[in-house]
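*Asks:*
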Amino acid sequence: MCALLAQDISVFYPGQPEPALSQVNLSLGEASLTVALGPSGCGKTTLLNVLAGFIAPSQGRVTLDGQPVTGPGADRAVVFQHDALLPWLNVRDNVAFGLQLQGVGRAERQRRADDMLALVGLDAVAKQKIWALSGGMRQRVGIARALTSPSQVLLMDEPFGALDAFTREQMQVLLLKVWQHTGRRIFLITHDIEEALFLATELVLMSPGPGRIVERIHPPFSQRYRAGESVRQIKSDPAFIALREQLLSTLYRHRLSPEELAP
Amino acid sequence: MTALDPALPAATARLTATARWQLTRHPLWLGLISAGSGLLLWWALASSGLVASLFLPPPQAVLAKLYLAATQGFMDATLWQHLTASLGRIGLALLAATVLGIPLGLLMGTRPLVRGLLDPLIEGYRPVPPLAYLPLIVIWCGIGELSKVLLIFLAMLAPIIMATTHGVSRASQSRIRAAQSLGASPRQVLYRVILPTALPDILTGLRIGLGAGWSTLVAAELVAATQGLGFMVQSAAQFLVTDMVLAGIAVIGGIAFVLELGLRALQRRLCPWHGQQD
Chain A
1 MCALLAQDIS
11 VFYPGQPEPA
21 LSQVNLSLGE
31 ASLTVALGPS
41 GCGKTTLLNV
51 LAGFIAPSQG
61 RVTLDGQPVT
71 GPGADRAVVF
81 QHDALLPWLN
91 VRDNVAFGLQ
101 LQGVGRAERQ
111 RRADDMLALV
121 GLDAVAKQKI
131 WALSGGMRQR
141 VGIARALTSP
151 SQVLLMDEPF
161 GALDAFTREQ
171 MQVLLLKVWQ
181 HTGRRIFLIT
191 HDIEEALFLA
201 TELVLMSPGP
211 GRIVERIHPP
221 FSQRYRAGES
231 VRQIKSDPAF
241 IALREQLLST
251 LYRHRLSPEE
261 LAP
Chain B
1 MTALDPALPA
11 ATARLTATAR
21 WQLTRHPLWL
31 GLISAGSGLL
41 LWWALASSGL
51 VASLFLPPPQ
61 AVLAKLYLAA
71 TQGFMDATLW
81 QHLTASLGRI
91 GLALLAATVL
101 GIPLGLLMGT
111 RPLVRGLLDP
121 LIEGYRPVPP
131 LAYLPLIVIW
141 CGIGELSKVL
151 LIFLAMLAPI
161 IMATTHGVSR
171 ASQSRIRAAQ
181 SLGASPRQVL
191 YRVILPTALP
201 DILTGLRIGL
211 GAGWSTLVAA
221 ELVAATQGLG
231 FMVQSAAQFL
241 VTDMVLAGIA
251 VIGGIAFVLE
261 LGLRALQRRL
271 CPWHGQQD
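So the protein lines, in turn, are chains A and B.
Those letters in the first sequence? Residues 1 to 263, per the working numbering, in order.
Those letters in the second sequence? Residues 1 to 278, per the working numbering, in order.
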């Protein structure tokens, strides 16, 4: 039984000659961490928006546990790159916002928010203002907030795209910990090849013009991290580097248009 | 990942303290110098005999007139009666402009249809000086209280609507979508996300509106008024009681200043995040 299933998704934007997304199939399996990797314009953001229900596909359908997805909802939590938190609420109330919308009582939602804050390592700043936090800490608040939802699916829209390299790696490690701890099915989009390789159990490589999936691989590295290897050890492993170069050359091959390839 | 930088909250507190010092204490100190020298220059000029007191009465004469107006009154009404008449008009107009302007601004910010319909109307009347359409209002609504309040109300309405609409546009797509994916209904998105996001701009709109209202007050009280600060200044000018003119101006300025400070304090208290993000 598959929770979130996208079948033959195509998206046409008015006035654009080529579809933003063409014939995409995707299923988020049990305890999977699916990463869509590709350059800008490859349709990865469109794909996430379709899965989240923010935009309707022109063709194809998305189902969640067999039910068609018709709009955004609490059964698919989303983490954004930035600017999705509410500055008038403190850290804990931001995390509890979804629970408050659902009408969960104050004591109960504070307890659950505190649990999630502890999971992402922010229990010490529960009463801080959002705008007093660094970018990395804000993203952790966003993740904790998404985790309060009972949803088994977590969609992440370039969540670490605005962070510096060091913080970004810390967040990748944190995400693996959260994933392992909560067993959520995660769909994450990124343009960072190393991030995609390190995190993904399934990696879909996307290419623009029209936006489509050009390759699917199943990197072993997040499993190796769970088995106890260190981040630096994994990312400097010849197998990791070889796969990175292979993905890059595939990307370059697909970015060349037929005309450019002809002569 | 649990190891947090323990210096972070302290560093943030230090940063905000520095910013506050730069924002408030510094200009206050400079402001006192310039206001003090202005007052001193006024006093020196007026008491030197170089300028006739008809044109520039000394500060102490203005103070004395103010005391006289407060105790015995001017033009058949005490200073307090002039004051309450003006404040009543301003308050009533502000109430009406707020009650109508904020919902209209929210509607215009969230519905392109409403915005498309109302934008030309507001942009059409907003640049016209209130004095220009005052005669029309008098023809339509007479010379009673209604015309005066209506004029001030119209001057306040446009800035409040425009600031609210602008505030709504600050609610980013990801902020709204994040709330939707947490299960927020359209109503919850409006009241829990869009309205609080727009609040700092709404308060700025009220400040600008109040300023516009004060500047329209004198014009509004030109027409068949028997009480009011604007009327007081106007009639004092007709009888060349320059010190009373200055006293009236000082009272209007002082009240506007206090109201502005109050609204700024309210803004800081309600929206401490304003101007802090990124």
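Glycine included, every Cβ here is placed at the ideal spot set by N, Cα and C.
#1: Give the DSSP bridge partners of F187(A), in chain order.
#2: Give, in chain order, every residue of the region 61-87 of chain A whose Cβ lies closer than 9 Å to some Cβ of chain B.
#3: Given that Q172(A) touches chain B, what residues does it touch there, using C-beta distances under 8 Å?
#4: Going by C-alpha distance, which of L205(A), P238(A), I130(A), L176(A) is nearest R253(A)?
#5: Let me see if you follow: with CB-CB separation under 8 Å, is F166(A) close to chain B or not?
#6: Taking Cβ-Cβ distances shorter than 9 Å, what residues in chain B pair up with K129(A)?
#7: Distance check for M108(B) and A6(A), CA to CA, integer angstroms please.
#8: Taking R89(B) as part of the alpha helix (DSSP H), name the residues at either end of that continuous run.
#9: When we look at the beta-carbon of Q22(B) and count the other beta-carbons within 10 Å, is it buried (16 or more) or exposed?
#10: Only counting the same chain, and skipping five residues up and downstream in sequence, which positions put a Cβ closer than 8 Å to that of A64(B)?
#11: Report yes if the C-beta distance between S58(A) and E202(A) is below 8 Å; otherwise report no.
#12: By Cβ distance below 7 Å, which residues in the same chain neighbour A212(B) in space, the five residues on each side in sequence not counted?
#13: What residues in the region 188-219 of chain B bring their beta carbon closer than 9 Å to a beta carbon of chain A?
#14: Does the distance from the CB of T204(B) to the CB of R170(B) come in under 8 Å?
#15: Could you confirm whether any beta carbon from chain A is found closer than 8 Å to the beta carbon of A184(B)?
#16: Using Cβ-Cβ distances below 8 Å, what residues of the region 167-181 of chain B are close to chain A?
#17: Rounded to whole angstroms, what is the Cα-Cα separation between L83(B) and V149(B)?
#18: Are the CB atoms of A77(A) and S149(A) nearer to each other than 8 Å?
#19: Looking at G230(B): is its Cβ nearer than 8 Å to the Cβ of V245(B)?
#20: How many Å lie between R132(A) and R138(A) at the Cα?
#21: Which stretch, first to last residue, makes up the beta strand (DSSP E) that contains R76(A)?
#22: Can you give the beta carbon distance from R109(A) to L99(A), rounded, assuming they're within the 8 Å contact cut?
#23: Since I believe P57(B) is in contact with A46(B) (beta carbons under 8 Å), could you give me their beta-carbon distance rounded to a whole number of angstroms?
#24: Once DSSP output is grouped into helix, strand and coil, what is the label at V241(B)?
#25: So, with DSSP's three-state summary, where would you put S40(A)?
#26: Tell me the rounded alpha-carbon separation between E123(B) and A35(B).
#27: For the region 25-41 of chain A, which residues have a beta carbon sitting closer than 7 Å to at least one beta carbon of chain B?
#28: Is there at least one Cβ from chain B nearer than 8 Å to A52(A)'s Cβ?
#29: Look at the alpha carbon of T78(B) and the alpha carbon of I130(A), and state the distance between them as a whole number of angstroms.
#30: Once you ignore the five residues that flank P130(B) on each side, which residues in its own chain have a CB closer than 7 Å to its CB?
#31: Do you know offhand how far S134(A)'s Cα is from G121(A)'s?
#32: When you compare the CB of Q22(B) with every CB in chain A, is at least one pair closer than 8 Å?
#33: So the alpha helix (DSSP H) Q100(A) belongs to, where does it begin and stop?
#34: For the putative contact between P19(A) and S10(A), defined by C-beta atoms under 8 Å, what is the C-beta separation to the nearest angstrom?
#35: Thinking L4(A) and R185(A) are a contact (beta carbons under 8 Å), I'd like their distance in whole angstroms, please.
#36: With the cut-off set at 8 Å, would you say M348(A) and G136(A) are in Cβ contact?
*Replies:* A quick look at the data gives this:
#1: T34(A), L155(A)
#2: G71, P72, G73, A74, D75, R76, A77, V78, V79, F80, Q81, H82, D83, A84, L85, L86, P87
#3: Going along chain B, no residue has its Cβ under 8 Å from Q172(A), so there is no contact; the nearest lies around 11 Å.
#4: L205(A)
#5: no
#6: T12, P272, W273, Q276
#7: 36 Å
#8: 79-110
#9: Only weak support exists for where Q22(B) lies, its pLDDT of 48 falling under 50; the value from the coordinates is given anyway. Burial call: exposed.
#10: D243
#11: no
#12: A155, M156, P159
#13: Q188, R192, V193, P196, T197, L199
#14: no
#15: yes
#16: S172, S174, R175, R177, A178, A179, Q180, S181
#17: 15 Å
#18: yes
#19: no
#20: Going by the sequence as given, residue 132(A) is Ala instead of Arg. Rounded to the nearest angstrom, the two C-alpha atoms are 9 Å apart.
#21: 76-79
#22: 4 Å
#23: 6 Å
#24: coil
#25: coil
#26: 37 Å
#27: none
#28: yes
#29: 51 Å
#30: L151, L154, A155, T216, A219
#31: 14 Å
#32: Note on Q22(B): pLDDT 48, under 50, position unreliable in the model; no value is reported.
#33: 97-101
#34: 5 Å
#35: 7 Å
#36: Since the displayed chain A opens at 1 and closes at 263, residue 348(A) lies outside it and no answer follows.
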